[in-house]
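Undergrad: At position 229 of the sequence shown the residue is numbered 223 (this note's numbering), and the sequence of numbers has no breaks. Glycine included, C-beta positions come from ideal geometry on N, C-alpha and C. Handing you this structure, nothing more for now.
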Amino acid sequence: MAIASIRPAAVAGQFYPADERVLRMQLSELLASAVPLEQVAPPKAIIVPHAGYIYSGPVAAAAYGAVLPLRSQIRRVVMLGPTHRMAVNGFALPAAQSFETPLGRVAIDREGWSELQQRPDLTVDDRPHAYEHCLEVQLPFLQTVLERFTLLPVLVGDASTDAVAALIESVWGGPETLIVISSDLSHFHSYQQAQCQDRETVDRILAMRSGLGHEQACGATPVNGLLRTAARHGLVPHLLDIRNSGDTAGDRNRVVGYASIAFCDPVPHASKQH
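Here it is as structure tokens:
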């Protein structure tokens, strides 16, 4: 049963439109309106927020716009995000062999799915994935900016930075693989307090300093692992957008912070002419 099972969309109609045409229109508008703080080379990895599209969609679009030049190159997307609804020891893969959204189905990367099961700290369990939004909300963006790709969706629970880094390293792949870390920043502070705290968090990420806590980023555990692995591969982080729900669609009394960050190969310096 697990071989043919489908993980249906759980938050369509809540976090993003359930109607295919409306969803495509919203994604098109978000991507067209995204103006990143920095123009970057196509990234190997991205950190993107995972709230409802009216809140974090404009920030996420900056990262997915950076991925667009890789449209025909990326064939596998590895997604890591935190568990919001069910505690997980280590990591959880779904038993389901495809994820469905209003834009269609995305097949699981069977080879990577099988290989990760060799890890003693990983379980195969559909339950943590069933109602989890943090990975699902990334899929319509990916289905829009990429042509055809398989998916390796990993929920990260109680795990060390070393363990996350080792897992990411094992699925790093080549230029055909994109790593997506799903994480919001601070939660439910005042607008100004969030701006200050989130800027400090982003500065830490840009300095490639792991050790983030969950009060700084709900996806701190996978973010810390990515920072460790990205540093090992010599990638350079670039801030594409940083805002909070008070900037997009919410009031400014209790806000949630969002950032999009791209990790790219360093750009070689042109030789100076004398």
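Which runs of the alpha helix (DSSP H) spanning at least 4 residues fall entirely within the segment 123 to 167, listed in chain order?
TA: Counting whole runs of 4 or more residues, the segment 123 to 167 contains the alpha helix (DSSP H) stretches 127 to 130, 133 to 139 and 155 to 164.
Undergrad: I need the straight-line Cα distance from residue 1 to residue 147, nearest angstrom please.
TA: Residue 1 and residue 147: Cα-Cα distance of roughly 11 Å.
Undergrad: Measure the beta-carbon distance from residue 179 to residue 192 and round it to whole angstroms, keeping in mind my assumption that it falls under 8 Å.
TA: Contact holds; Cβ gap of about 4 Å.
Undergrad: Are the segment 0 to 15 and the segment 214 to 229 touching, with three or more C-beta to C-beta distances below 8 Å?
TA: These segments do not touch.
Undergrad: Which full runs of the alpha helix (DSSP H) of 4+ residues lie inside the segment 44 to 76, going along the chain?
TA: Counting whole runs of 4 or more residues, the segment 44 to 76 contains the alpha helix (DSSP H) stretches 47 to 61.
Undergrad: With 16 as the cutoff for other CB atoms within 10 Å, does residue 88 come out buried or exposed?
TA: By the 10 Å Cβ count, residue 88 comes out buried.
Undergrad: Roughly how many whole angstroms lie between the Cα atoms of residue 37 and residue 175?
TA: Their backbone Cα atoms lie some 13 Å apart in a straight line.
Undergrad: Indicate the three-state DSSP secondary structure (helix, strand or coil) for residue 83 in the structure shown.
TA: Strand.
Undergrad: With 16 as the cutoff for other CB atoms within 10 Å, does residue 177 come out buried or exposed?
TA: Buried is the call here.
Undergrad: Quickly, what does DSSP pair residue 223 with across the bridge? List them, please.
TA: None; residue 223 has no bridge partner.
Undergrad: Exposed or buried, residue 57, counting other C-beta atoms within 10 Å across all chains shown (16 or more means buried)?
TA: The residue in question, residue 57, is buried, as its Cβ has 16 or more Cβ neighbours within 10 Å.
Undergrad: Per DSSP, what kind of secondary structure is residue 218 in: helix, strand or coil?
TA: In the structure shown, residue 218 sits in a helix (DSSP, three-state: H, G or I).
Undergrad: Look at the Cβ atom of residue 98, then the Cβ atom of residue 185, and state whether they are nearer than 7 Å.
TA: Taking 7 Å as the Cβ cut-off, residue 98 and residue 185 do not qualify as a contacting pair.
Undergrad: Using the three-state DSSP reduction, which class does residue 94 fall into: helix, strand or coil?
TA: Residue 94: strand per DSSP, three-state reduction.
Undergrad: Is the distance from the Cβ of residue 120 to the Cβ of residue 101 below 7 Å?
TA: For residue 120 and residue 101, no; Cβs fall outside 7 Å.
Undergrad: Assuming residue 151 and residue 84 make a contact with CB atoms under 8 Å, what is their CB distance in whole Å?
TA: 6 Å between Cβ atoms; contact.
Undergrad: Would the segment 29 to 36 count as touching the segment 159 to 168 if we require 3 or more Cβ pairs under 8 Å?
TA: In short, these stretches do not touch, since the Cβ pair count stays below three.
Undergrad: Using only alpha-carbon positions, find the residue among 12, 24 and 11 that is nearest to residue 139.
TA: Cα-wise, what sits closest to residue 139 is 24.
Undergrad: Taking the straight line between their C-alpha atoms, what separation do you get for residue 71 and residue 189?
TA: Their backbone Cα atoms lie some 31 Å apart in a straight line.
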